[in-house]
Amino acid sequence: MVSSFESIVQSRRSVRKYDENSDFNHDDVAHALELTTLSPNSSNMQMWEFHRVISPEKRSKLAEYCMGQNAAKTANELVVFVATTHNWKERAKRNAETVRQAFEGRDDAAAKRALKYYEKLIPLVYNNDKFGLRGLFRKAYSEWLGRNKPMVREVSKSDVRVCLHKSVSLAAMTFMYAMRDKGYDTCPMEGFDSKRVKALLGLRDSDQITMIVSCGVRTEEGVYGERHRVQQETVIKSH
Ligand SMILES: Cc1cc2nc3c(=O)[nH]c(=O)nc-3n(C[C@H](O)[C@H](O)[C@H](O)COP(=O)(O)O)c2cc1C
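Just so you know, we're using this note's numbering here: the sequence shown kicks off at 13 and counts up by one.
As structure tokens, this is what we get:
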């Protein structure tokens, strides 16, 4: 028996031309995004925003900023997946509060460790200056500490940036599968003018766009040929 999850994965394709006359319910996108917020994310900091572009005027501007790609031009809606950094203090505080409530006044080692994580470690890594100098010091320190014991090495400002994009990418994947489950198609895009898109949506300077996902119902010619993947043995390794 083929599981429904398998059929969702097998039938998802990046679609470059949607049927603009098909039924498209924007409420389905709203629900898919609700599911998206349940995606796993680094330290449950939820440093993301999902910007829906629905109005025809904004969609057409956004398609232009997606370099006029077909996948953007014919979409019924586009969702811009954004990694945020401005809110790390508030999120760390919120998580510390949740931990405090969960441990209900306990001050044993496990409770202290969990609180230390959000009150000391997270601020240590997320607190970055414009030029990333703090991050370079952290990196050097972690290399030094890691000489004789296991140590997390990805602590520079650009490492944090990668970390945020990982979580937002997982959210985008949840969204694309949720949309497929509802009978829609999507295309993830990284070919866009981020500066213009940020201005169009009024995003902050510090925001980073992970990808833009267009949505609609596929046309036959919107799927560019057979799916090609390299041989599984070249990418799946057992140790
Ligand atoms: C991060 C990312 C960026 C992508 N950017 C684009 C893009 O800008 N334009 C486009 O047409 N497809 C884009 N794609 C879609 C890929 O080309 C597509 O996933 C790949 O060819 C495999 O095809 P499939 O998704 O149909 O299995 C992107 C995919 C990913 C994951």
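Idealized CB from N, CA, C, for every residue including glycine.
Within the same chain, N53, S54 come within 6 Å of S179 by CB-CB distance, once the 5 residues on both sides are set aside. Between the alpha carbons of A95 and A184 lies a gap of roughly 11 Å. Closest in C-alpha terms to R239, from the list C175, K132, R24, A152, comes R24. Taking all protein chains shown into account, L90 has 16 or more neighbouring C-beta atoms within 10 Å of its C-beta and is therefore buried. Put simply, the backbone Cα of W60 is about 35 Å away from that of E245.
Proximity to ligand 1 was defined by a C-beta distance below 6 Å to any of its heavy atoms, and the residues meeting it, in sequence along the chain, are R25, S26, R28, Q81, A83, C199, P200, M201, E202, G203, M223, R239. According to the DSSP assignment, A87 belongs to no alpha helix (DSSP H), since it is labelled neither H nor E. Of the residues G80, A44, V209, Q243, the one whose Cα lies closest to the Cα of K29 is G80.
Relative to the Cα of S26, the nearest Cα in the group I248, G237, T48 belongs to G237. In the displayed model, D197 falls within a strand according to three-state DSSP. Contact between the region 61-71 and the region 188-203 is not established, with fewer than three Cβ pairs separated by less than 8 Å. A direct Cα-to-Cα measurement between V111 and L127 gives close to 7 Å. For S226, the uninterrupted beta strand (DSSP E) segment begins and ends at 220-228.
One Cα belongs to F115, the other to T49, and the distance between them is close to 25 Å.
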